[in-house]
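The numbering used here puts the sequence shown at residues 1 to 216. Each residue gets a CB set at the ideal place from its N, CA and C atoms; glycine is no exception. Just below is one structure, and these are the notes that go with it.
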Amino acid sequence: MITPEQLRRAARLTPANVSRWHAPITSAMAEFGIDTPKRQAAFLAQVGHESNSFTSLSESLYYTDARRIATIFRTGFDLDGDGVVDPDEIEFARGYVRRPEKLANRAYANRGGNGPESSGDGWRYRGRGLIQTTFKNNYRAAGNALELDLLGSPDLLLQPLPAARSAAFFWWSNNLNNYADSGDFKGLTRRINSGMLGMDDRLARLKDAEAALCPR
């Protein structure tokens, strides 16, 4: 089992966060077969990046730049379907600046089991947990697997143990141990973030985690 000191070094945690996260993380990894140093190092690197070293368990949808909104959330803001960010789309996106709930409801509408913008599902089922569970269908699947009412109480994923278990369930359900076993960290990252965002940080975290867990 990973010791608290190993977890601190592997995941860049403060002493307070080690105390908060050691039991949930080790329990979740054991539950879902993340059970070798290589697997554990890859898992901690990825969840560490996704959660900013275990400090952020809810997706931030607070944006101050309309162009950035229109660029990132193309599904909700590509009004003419041409794949290009147009001035009209940027102007439309201004109505979502500094309005995270409104943005979530627009960006995540009519996808992944979510209802229309007016349903509130986008905000209700926004990203939560160590690997951000997003969309109603994914909350349902995780809730069924973890035996938690995540549809009715999505904020359960803001608690350490459900947050860790949901991340480990995602890992297991996407066969990410196979990528870790073969050393295909880029392929693993692509399964978590198709845009490969934050790759430098993920690799740096992997190096830290391997140094702590995989001594040579």
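Query - Per-residue DSSP class, three states only, for arginine 128 - result: The sequence position of residue 128 within the sequence shown is 128, counting from 1. Of the three classes helix, strand and coil, the one that applies to arginine 128 here is strand, per DSSP.
Query raised in the report: When DSSP builds the beta bridges, which residues end up paired with threonine 133?
Result: Taking the sequence shown and counting its residues from 1, one reaches residue 133 at position 133. DSSP output for threonine 133 lists Arg128 as bridge partner(s).
Requested in this report: Starting from arginine 68, follow the alpha helix (DSSP H) in both directions and report where the run begins and ends.
Outcome: Taking the first residue of the sequence shown as position 1, residue 68 is located at position 68. Here the alpha helix (DSSP H) through arginine 68 covers 66 to 72.
Report task. Quick one: residues in its chain with C-beta nearer than 8 Å to the C-beta of glycine 198, no 5 flanking neighbours on either side, listed in chain order? Result -> Start at 1 with the first residue of the sequence shown, and residue 198 comes out as number 198. Excluding sequence neighbours, glycine 198 sits near His49.
Report task. Might you give, ordered along the chain, the residues of its own chain that have their beta carbon closer than 6 Å to the beta carbon of leucine 203, omitting 5 neighbours on each side? Result -> Position 203 of the sequence shown, counted from the first residue, corresponds to residue 203. There are no such residues.
Requested in this report: With distances taken Cα to Cα, identify the nearest neighbour of alanine 66 among Asn193, Leu148, Asn177, Ala93.
Outcome: One-based indexing of the sequence shown puts residue 66 at position 66. Comparing Cα positions, the closest option is Ala93.
Query raised in the report: Going by other Cβ atoms of all chains shown within 10 Å of its Cβ, with 16 needed for buried, is asparagine 178 buried or exposed?
Result: Walking along the sequence shown from the start, residue 178 turns up at place 178. Exposed, since its Cβ has fewer than 16 Cβ neighbours within 10 Å.
Query raised in the report: Considering aspartate 208, what are the terminal residues of the alpha helix (DSSP H) in which it resides?
Result: Mapped onto the sequence shown, residue 208 falls at position 208. Run containing aspartate 208: 199 to 213, per the alpha helix (DSSP H) assignment.
Requested in this report: Measure the alpha-carbon distance for arginine 165 versus leucine 151 and round it to whole angstroms.
Outcome: In the sequence shown, counting from the first residue as 1, residue 165 sits at position 165. In the sequence shown, counting from the first residue as 1, residue 151 sits at position 151. If you take the alpha carbons of arginine 165 and leucine 151, they lie about 16 Å apart.
**Report entry** For threonine 133 and arginine 124, the rounded distance between their alpha carbons
**Finding:** In the sequence shown, the residue the question calls residue 124 occupies position 124. In the sequence shown, the residue the question calls residue 133 occupies position 133. For arginine 124 and threonine 133, the distance between alpha carbons rounds to 11 Å.
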